[in-house]
Amino acid sequence: METSDPMIKKKSTPATSNAPMLWKVLAIVFIVISIALLIALIVVATKQQKSDENPEKSKANQTHAAASVESCADGMTSSSKDPPKSAEVFDDLSVDEITAVRDYLLKQTALKLTEFANATVASNYIYLIQLLPPPKDEVLDYLDSDGAKPERKAVAVVFHGATNPPVVREYIVSPVANPAKHVLRKVPGGQKDFVIFNARPFDSTVEHKALHEAIVSGASQRLSKLMYESYDGYTYCTSGKWPEL
1 METSDPMIKK KSTPATSNAP MLWKVLAIVF IVISIALLIA LIVVATKQQK SDENPEKSKA
61 NQTHAAASVE SCADGMTSSS KDPPKSAEVF DDLSVDEITA VRDYLLKQTA LKLTEFANAT
121 VASNYIYLIQ LLPPPKDEVL DYLDSDGAKP ERKAVAVVFH GATNPPVVRE YIVSPVANPA
181 KHVLRKVPGG QKDFVIFNAR PFDSTVEHKA LHEAIVSGAS QRLSKLMYES YDGYTYCTSG
241 KWPEL
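With UniProt numbering applied, the sequence shown covers 1 to 245.
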């Protein structure tokens, strides 16, 4: 039974006309994929044929590739016997070099230094010893032009807690292997040769010990009874006797 409704006819017409177009698109895509696969197959077959015609060359290439891989593996797993020339310039100070610099500075009576093990906040003591990188022009002359090897120098940071007012100073010591001289270093970026004491870095050994003796130990003794009753266990830094609160 046919209908005379024009809207129904308009709706059914596009579905009927789009079907052939869809099949055409799918056919074109299939043809393109087939051509691409055919080209790839031809390339692989050609390479295989050339390899069969020149077996010696193919074997040589495989040997070279294997040698390259082995060489890379050796380079990653083994250390070089000849370190780069720059290592002699930029290597950190060795234990012997640090010890030599420390012993040299302790002998300088004008600095009035205290050994680190006995130092307090109010002492003059060595806080840090590290390598002082050489000037760039000296390094380039040594590496690129076979110039003289830059002298290895150390910079020692000293807390002068015993001076009035207390300050922090840096000293350049050289040569590090057998120190013979030291000079006061100016603060980088400024004209002063010292840093105010309150701007010094925190010393986790000397200053922590001072804080412990001045504050923590006394507070622990006074709070030991309260802490023991609260937690029913060990109380920090106490002698077992509870002082009167």
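Ideal placement from N, C-alpha and C gives every residue a C-beta, glycine not left out. The model shown is predicted, which means the values in this text are computed figures rather than measured ones.
For the alpha helix (DSSP H) containing residue i, list its first residue and its last residue.
{"i": "Val-89", "result": "87-90"}
{"i": "Arg-222", "result": "217-231"}
{"i": "His-208", "result": "206-211"}
{"i": "Val-183", "result": "From DSSP, Val-183 is part of no alpha helix (DSSP H) but of the beta strand (DSSP E) over 181-185."}
{"i": "Ala-106", "result": "A quick correction: the sequence has Leu, not Ala, at residue 106. Taken as a continuous stretch (DSSP letters only), the alpha helix (DSSP H) holding Leu-106 covers 95-106."}
{"i": "Leu-143", "result": "136-145"}
Among the residues of its own chain, which have a CB less than 6 Å from the CB of residue i, if the five just before and after it don't count?
{"i": "residue 248", "result": "No information on residue 248 is available, as it lies outside the stretch 1 to 245 that the chain covers here."}
{"i": "Asp-141", "result": "Gly-147"}
{"i": "Ala-27", "result": "none"}
{"i": "Lys-50", "result": "none"}
When you compare each of the options to residue i by their alpha carbons, which one comes out closest?
{"i": "Asp-96", "options": "Thr-120, Thr-114, Ala-177", "result": "Ala-177"}
{"i": "Gly-161", "options": "Gln-49, Leu-113, Val-89, Trp-23", "result": "Leu-113"}
{"i": "Ala-156", "options": "Asp-141, Gly-147, Leu-131", "result": "Leu-131"}
{"i": "Val-195", "options": "Ser-204, Tyr-228, Val-158", "result": "Val-158"}
{"i": "Ala-180", "options": "Ser-34, Arg-152, Asp-141", "result": "Arg-152"}
{"i": "Val-89", "options": "Asp-203, Ser-217, Tyr-228, Val-139", "result": "Val-139"}
{"i": "Asp-193", "options": "Pro-83, Ser-224, Val-183", "result": "Val-183"}
{"i": "Pro-165", "options": "Ala-40, Phe-197, Ile-31", "result": "Phe-197"}
{"i": "Pro-175", "options": "Leu-38, Ala-100, Val-216, Ile-42", "result": "Ala-100"}
{"i": "Ala-117", "options": "Val-25, Pro-20, Leu-111, Asp-203", "result": "Asp-203"}
{"i": "Pro-133", "options": "Ala-87, Phe-30, Val-216", "result": "Ala-87"}
{"i": "Ala-154", "options": "Leu-38, Pro-83, Ser-94", "result": "Ser-94"}
Please list, in chain order, all residues of the same chain as residue i whose beta carbon is under 7 Å from its beta carbon, the five residues on each side excluded.
{"i": "Asp-92", "result": "Leu-131"}
{"i": "Ala-123", "result": "The residue you asked about is not Ala; residue 123 is Ser in the sequence shown. Contacts found: Thr-114, Gly-161, Ala-162."}
{"i": "Lys-85", "result": "Leu-143"}
{"i": "Ala-119", "result": "Tyr-125, Val-206"}
{"i": "Val-121", "result": "Gly-161, Val-206, Glu-207, Ala-210"}
{"i": "Tyr-127", "result": "Val-157, Val-158, Phe-159, Asp-203"}
{"i": "Arg-200", "result": "Phe-159, Val-168"}
State the start and end residues of the unbroken beta strand (DSSP E) segment that holds residue i.
{"i": "Ala-156", "result": "153-160"}
{"i": "Val-169", "result": "What sits at residue 169 in the sequence shown is Arg, not Val. That run of the beta strand (DSSP E) goes 167-174."}
{"i": "Tyr-236", "result": "No beta strand (DSSP E) holds Tyr-236; DSSP gives it neither H nor E."}
{"i": "Leu-132", "result": "124-132"}
Between which residues of its own chain and residue i is the CB-CB distance below 8 Å, once the five residues before and five after are set aside?
{"i": "Pro-135", "result": "Pro-150"}
{"i": "Tyr-231", "result": "none"}
Legend entry - Stretch-stretch touch, CB-based, cutoff 8 Å, three pairs: the region 165-185 with the region 103-118: yes
Inset, instruction - Pair every Cβ in the region 184-195 with every Cβ in the region 205-224, then say whether three or more of these pairs are closer than 8 Å. - result: no
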